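S.K.: Going line by line, the protein sequences match chains F and D.
Letter by letter, the first sequence follows residues 1463 to 1560 in the numbering used here.
Letter by letter, the second sequence follows residues 283 to 665 in the numbering used here.
Quick one: this structure, given as structure tokens, is what I'll be asking you about.
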Amino acid sequence: MYGIPMPIVIVFAIFFWSLVSAGISLFITSLILKKYINAEETHCSIYEYSTEDINYSRKLDQVLDTEKQDLMFEYGNDPYEGKKHSIPEQLLKNGEEL
Amino acid sequence: MAVLCKNCSGKLIFNPALQLLECKACGGSFRPEDIRDINAEAHSKYYDTRVYVCGHCGAEVITNDTEASTLCVYCGNPAIVFSRIAKQRRPDGLIPFKITKEQALDRIKNKLFTPLTPKEVKEKATFSNLRGIYVPYWVLNADFTEADYITGEISVGRTTIKKHYSRAGSIRFNNVPIDGSKILNDNISMRLEPFNLDEAKEFDEDYLNGFYSNISDTSYEELKGSAANRCHKIYSDHMLKSIPARNAKIDDSVYWIDIHDDPVYMMMPVWFFSFRYQDKPYTVLVNGQTGEVVGTIPWEKKQVYKIAGGIFAAVMVTGLALYSGISFSHAGINGMLNNSASALTIFGLAAFPMGLIGIQNVLKKLSLAQSEEMFKFVKKRQG
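What follows is the structure, given as structure tokens:
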């Protein structure tokens, strides 16, 4: 075949087909193992913890690649900065022990 | 400390099936709220506990009755010793155990035990390896703001185009439970959710009888980091569903949280099944209220190799048969066989990376159940 000696063709074919077989074997084995895995993602939706939907201040499709920096810059400051809250004693105590 | 039966002074244990305190000596049963705490005034802010320390992983396990701890619930090591009697800050509330030890063990067996589960692990599924622990949680309300830069794919004719989206928004979250124990990995604890807070009771140490408990050891900053990550997960999962593209994923994001005044300190019921297999520790958790099972059981490697080897051999033989058929058959059949061989080849080559990723994901999930890993992987919180 195209001047390549037959034994080389056969060895190459076996190697190639072994690769294909290994791929299929790996894929099916991973599916079998996955079936027996239970560390699933939590099934809690947003409505488990909120009575409202997300209040969007920006909802743009088809933005340019360069707009990422602008977005991160615009929202990069803590909007809740400076707000003081009452903190339970246990959490304060744990902080002191660190 | 241990609450005694008012009929015979026997030790009272909380029975999750009946939601009553039962006396093992005389069979009497009482509602926890009906048991008069003779030290009520002294216990108004604190309660007495027995602290055990694991010499292997350093975890502290706390009991409030006279039951001695025999193995660490976190790493399964028996090197656990009584440390001290300590006064603990009284939590605001708790959800009592509803799932019994028998039910928890049945759920683990039904959900996780498969033909691939090693016999040695099956033999370890006994009551002595199952521990009921009240895990400390902080239940909080918070305002949350997030901005995301998202990438997704859309099809235009036969071409796939990458598109970018930007989203920013805010939302108020209510009653989000965040585990307050450093030793419990956030990736594990969030899988135990949801807890039904409608069934929460005012904290009464009588509910702890027969169980262990842990105290919150996180600081406010750590709690804030965990809460921000948890809210980000809930928010982004929901937001990504609104993106009109395939394979939408967040390229970059920034998020902020404002926890409202005084998060509530709660105890949540969790069953821990700890065991060692081939010198590695494993922990499977069961939500003591809902029965949700979280964790992964190791599998018998020999069995897996047999399956993988069997599939490999079957595909090899099929391939050889197909190629032999191509060589020796007539032109019509030859074309069909050629197509089958090509399809199998393309599938096999595409399946290789998918299989590798699949196996990697499975191993990653298995590592989450390994409690020493859990211990090392102690919460990485946003400061």
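Every residue gets a Cβ at the ideal spot worked out from N, C-alpha and C, and that includes glycine.
Predicted model, so just to flag it, every value in this text is computed and none were measured.
Select from the segment 1520-1538 of chain F all residues with a C-beta closer than 8 Å to any C-beta belonging to chain D, and list them in chain order.
M.R.: Listed in sequence order: 1520, 1521, 1522, 1523, 1524, 1525, 1526, 1527, 1529, 1530, 1533, 1534, 1536, 1537, 1538.
S.K.: Is residue 460 (chain D) helix, strand or coil by DSSP?
M.R.: Position 178 of the second sequence, counted from the start, is the residue given in the question as residue 460 (chain D). DSSP places residue 460 (chain D) in strand when its eight states are reduced to three.
S.K.: Determine the closest residue to residue 305 (chain D) out of D:299, D:292, D:314, D:414, with distance taken between C-alpha atoms.
M.R.: Locating residue 305 (chain D) in the second sequence gives position 23, where the first residue counts as 1. Among D:299, D:292, D:314, D:414, the Cα nearest to that of residue 305 (chain D) belongs to D:292.
S.K.: How many angstroms separate the CA atom of residue 416 (chain D) from the CA atom of residue 583 (chain D)?
M.R.: To locate residue 416 (chain D), count along the second sequence from 1; it is residue 134. To locate residue 583 (chain D), count along the second sequence from 1; it is residue 301. Going from the Cα of residue 416 (chain D) to the Cα of residue 583 (chain D) covers about 35 Å.
S.K.: Starting from residue 377 (chain D), find everything on chain F with Cβ-Cβ shorter than 9 Å and list it in chain order.
M.R.: Taking the first residue of the second sequence as 1, we reach residue 377 (chain D) at position 95. Result: empty, since nearest Cβ-Cβ is about 15 Å, beyond 9 Å.
S.K.: Is residue 331 (chain D) buried or exposed, if buried means 16 or more other CB atoms sit within 10 Å of its CB?
M.R.: Here the question's residue 331 (chain D) lines up with position 49 in the second sequence. Residue 331 (chain D) is buried by the Cβ-count criterion.
S.K.: Counting only Cβ pairs nearer than 8 Å, list the residues of chain D close to residue 1489 (chain F).
M.R.: Counting from 1 along the first sequence, the entry for residue 1489 (chain F) is found at position 27. The contacting residues are 633, 634, 636, 637, 640.
S.K.: Would you call residue 384 (chain D) buried or exposed, if buried means 16 or more other Cβ atoms sit within 10 Å of its Cβ?
M.R.: Within the second sequence, the letter at position 102 stands for residue 384 (chain D). Exposed, by the Cβ-count rule.
S.K.: Against chain D, with Cβ distances strictly below 8 Å, would residue 1544 (chain F) count as a contact?
M.R.: As a first step, residue 1544 (chain F) must be located in the first sequence, where it is residue number 82. False, the Cβ-Cβ gap to chain D never drops below 8 Å.
S.K.: Less than 8 Å between CB atoms is the rule here; does residue 1485 (chain F) satisfy it with respect to chain D?
M.R.: By 1-based counting over the first sequence, the position of residue 1485 (chain F) is 23. Taking Cβ atoms only, chain D reaches closer than 8 Å to residue 1485 (chain F), which makes this a yes.
S.K.: Judging by CA-CA distance, which residue of F:1546, F:1513, F:1497, F:1529 is the nearest neighbour of residue 535 (chain D)?
M.R.: Stepping through the second sequence from its first residue, residue 535 (chain D) is reached at position 253. That would be F:1529, whose Cα lies nearest to the Cα of residue 535 (chain D).
S.K.: Using Cβ-Cβ distances below 7 Å, what residues of the segment 388-401 of chain D are close to chain F?
M.R.: Per Cβ criterion, the list reads 393, 394, 396, 398.
S.K.: Determine whether the Cβ of residue 1466 (chain F) lies closer than 8 Å to any Cβ atom of chain D.
M.R.: In the first sequence, counting from the first residue as 1, residue 1466 (chain F) sits at position 4. No - not a single Cβ of chain D is within 8 Å of the one on residue 1466 (chain F).
S.K.: What residues from chain F crowd round residue 455 (chain D), counting only those whose CB sits closer than 7 Å?
M.R.: Taking the second sequence and counting its residues from 1, the one referred to as residue 455 (chain D) is at position 173. Ordered by position in chain F, the residues that pass the 7 Å Cβ test against residue 455 (chain D) are 1511, 1512.
S.K.: If I measure Cβ to Cβ from residue 324 (chain D) and keep anything under 6 Å in the same chain, skipping five residues before and after, which residues do I get?
M.R.: On the second sequence, position 42 is the one that residue 324 (chain D) refers to. Reliability of the predicted coordinates at residue 324 (chain D) is poor, the pLDDT of 48 falling under 50, and no value is obtained from them.
S.K.: By the 10 Å Cβ neighbour count, where 16 or more other Cβ atoms means buried, how is residue 1468 (chain F) classified, buried or exposed?
M.R.: As a position in the first sequence, residue 1468 (chain F) is number 6, starting the count at 1. Exposed, by the Cβ-count rule.
S.K.: Rounded to whole angstroms, what is the Cα-Cα separation between residue 477 (chain D) and residue 571 (chain D)?
M.R.: Position 195 of the second sequence, counting from 1, holds the residue named residue 477 (chain D). Position 289 of the second sequence, counting from 1, holds the residue named residue 571 (chain D). Cα-Cα distance, rounded: 7 Å.
S.K.: For residue 1489 (chain F), collect the residues of the same chain with a Cβ closer than 6 Å to its Cβ; drop the 5 residues on either side in sequence, then sort them by chain order.
M.R.: Along the first sequence, read from residue 1 onward, the residue named residue 1489 (chain F) stands at position 27. Excluding sequence neighbours, residue 1489 (chain F) sits near nothing in its chain.
S.K.: At a CB-CB cut-off below 8 Å, which residues of chain F make contact with residue 565 (chain D)?
M.R.: Residue 565 (chain D) sits at position 283 when you count from the first residue of the second sequence. Per Cβ cutoff of 8 Å: no residues; residue 565 (chain D) is ~12 Å from chain F at best.
S.K.: Looking at chain F, which residues of the segment 520-531 of chain D have a Cβ within less than 8 Å of any of its Cβ atoms?
M.R.: Residues 520, 521, 526.
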